[in-house]
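Right, one structure below, let's go through it.
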Amino acid sequence: MSSHRLEVQSCVRVLPNSLRLGAREMVSAMLPTRAYTEIPRLSPGGFQRPHTEPRAALVVAAAVADVDRFPAANFTRYPVHTTSEALRLIETARPRVVAIDWDAPEIDGVQVCGAVRKFPHSGLLVTMASPQHAPAALKAGCHAILLKPFAPNLVAGRIGRLSRELPTGSAGARAAQSLQCCGTNRVWPETSCPECNTPSATSFEFYSYRRMWYACLACDAVWLGPRQE
Ligand SMILES: [Zn+2]
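Rendered as structure tokens:
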């Protein structure tokens, strides 16, 4: 019998009868130290894998109440609520993706987009309630637009897609300058604006299986047209 065990028993002996059983049960319920190290191995998830590389950063520029609409499990999320906070975090966190709520009153979307586009390896997702704002966001250089209301898994999917599709390296940096490098934007040279007839409409979001949203960057018109793949 170990000296430790004896010590415990002698402590138990001096307790009043009514407490003895409880104290004994408590002692026997304690697992040997080794057992705690065994638990991760025996649990269904197995050992937690060590983090070999830090998780990519995601800056969410949105009003306080809306931050939870931007879940992203595989990113370290930095919520910001004003233009100046956003500009600071973009400089310091070097995010892989920046999500901007175009409707947030304290955030100047055009200014934040401009700051993000200085870093060619950062993806830029804009969410908005009205498609009428799409031409401004596209001209500011956003890679993808998501119209509200959206399901949380949809925004998480778009953020993940931007992160995967955004090219790396110096050739990628040049490609990322294009509006349609990644995400859902696409330029259609044959599609002309119904308002001003300028060709090369930009599609920025799907509406249904049959239609999608288009924007004209010449006159800021926005319309629904047939879906093209
Ligand atoms: Zn037009």
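Take any residue in the sequence shown, count from 1 to its spot, add 1166: that is its number in this note's numbering.
Glycine is no exception: its CB is placed at the ideal position from the N, C-alpha and C atoms.
Regarding residue i and ligand 1, is the C-beta to nearest heavy atom distance less than 7 Å?
| i | result |
| --- | --- |
| Thr1368 | no |
Could you tell me the distance, in whole angstroms, from the CA atom of residue i to the CA atom of residue j?
| i | j | result |
| --- | --- | --- |
| Ala1281 | Trp1268 | 15 Å |
| Thr1248 | Ile1273 | 5 Å |
| Arg1324 | Ala1306 | 19 Å |
| Leu1390 | Ser1250 | 35 Å |
| Cys1362 | Ser1374 | 25 Å |
| Pro1297 | Pro1220 | 36 Å |
| Ala1310 | Glu1331 | 12 Å |
| Pro1301 | Cys1382 | 7 Å |
| Pro1315 | Val1321 | 10 Å |
| Ala1270 | Cys1308 | 16 Å |
| Thr1258 | Cys1279 | 16 Å |
| Gln1277 | Asp1234 | 23 Å |
| Ala1295 | Ala1229 | 14 Å |
| Met1378 | Arg1254 | 35 Å |
| Ala1367 | Arg1283 | 22 Å |
| Ser1329 | Asn1240 | 10 Å |
| Val1353 | Ala1384 | 13 Å |
| Val1193 | Arg1327 | Bear in mind that a pLDDT of 49 at Val1193, under 50, signals an unreliable position, so the model cannot answer this. |
| Asn1351 | His1299 | 14 Å |
| Pro1392 | Tyr1380 | 10 Å |
| Ser1410 | Ser1369 | Nothing can be reported for residue 1410: it is not among the residues displayed for the chain, which extend from 1167 to 1395. |
| Arg1376 | Gln1394 | 8 Å |
Can you give the beta carbon distance from residue i to residue j, rounded, assuming they're within the 8 Å contact cut?
| i | j | result |
| --- | --- | --- |
| Pro1318 | Pro1245 | Not quite, the Cβ-Cβ distance comes to about 15 Å (not below 8 Å), so this is no contact. |
| Leu1313 | Glu1356 | Their Cβ separation, rounded to whole angstroms, is 24 Å, which puts Leu1313 and Glu1356 out of contact at 8 Å. |
| Ala1264 | Leu1290 | In the sequence as displayed, the identity of residue 1264 is Val instead of Ala. About 5 Å separates the two Cβ atoms, so the contact holds. |
| Pro1261 | Ala1223 | 4 Å |
| Val1292 | Ile1256 | Actually they are not in contact, since the Cβ atoms of Val1292 and Ile1256 sit about 14 Å apart, beyond 8 Å. |
| His1287 | Thr1334 | 6 Å |
| Ala1387 | Pro1365 | In fact, because the Cβ distance is near 13 Å, the residues do not count as touching under 8 Å. |
At which residues does the alpha helix (DSSP H) containing residue i begin and terminate?
| i | result |
| --- | --- |
| Ile1266 | No alpha helix (DSSP H) holds Ile1266; the beta strand (DSSP E) holding it covers Val1263 to Asp1267. |
| Leu1253 | Thr1249 to Ala1259 |
| Ala1302 | Ala1300 to Lys1305 |
| Ile1325 | Pro1318 to Glu1331 |
| Ala1281 | Gly1275 to Val1282 |
Would you kindly report the start and end of the unbroken beta strand (DSSP E) that includes residue i?
| i | result |
| --- | --- |
| Glu1371 | Ala1367 to Phe1372 |
| Gly1289 | Gly1289 to Met1294 |
| Ala1310 | Ala1310 to Leu1313 |
| Val1225 | Ala1222 to Ala1227 |
| Leu1390 | Val1388 to Pro1392 |
| Ala1381 | Arg1377 to Ala1381 |
| Val1246 | Phe1241 to Val1246 |
| Val1353 | Arg1352 to Trp1354 |
Listed in chain order, which residues are found with a beta carbon closer than 6 Å to a heavy atom of ligand 2?
Questions concerning ligand 2 fall outside what the structure shown contains, since the ligands it does hold are ligand 1.
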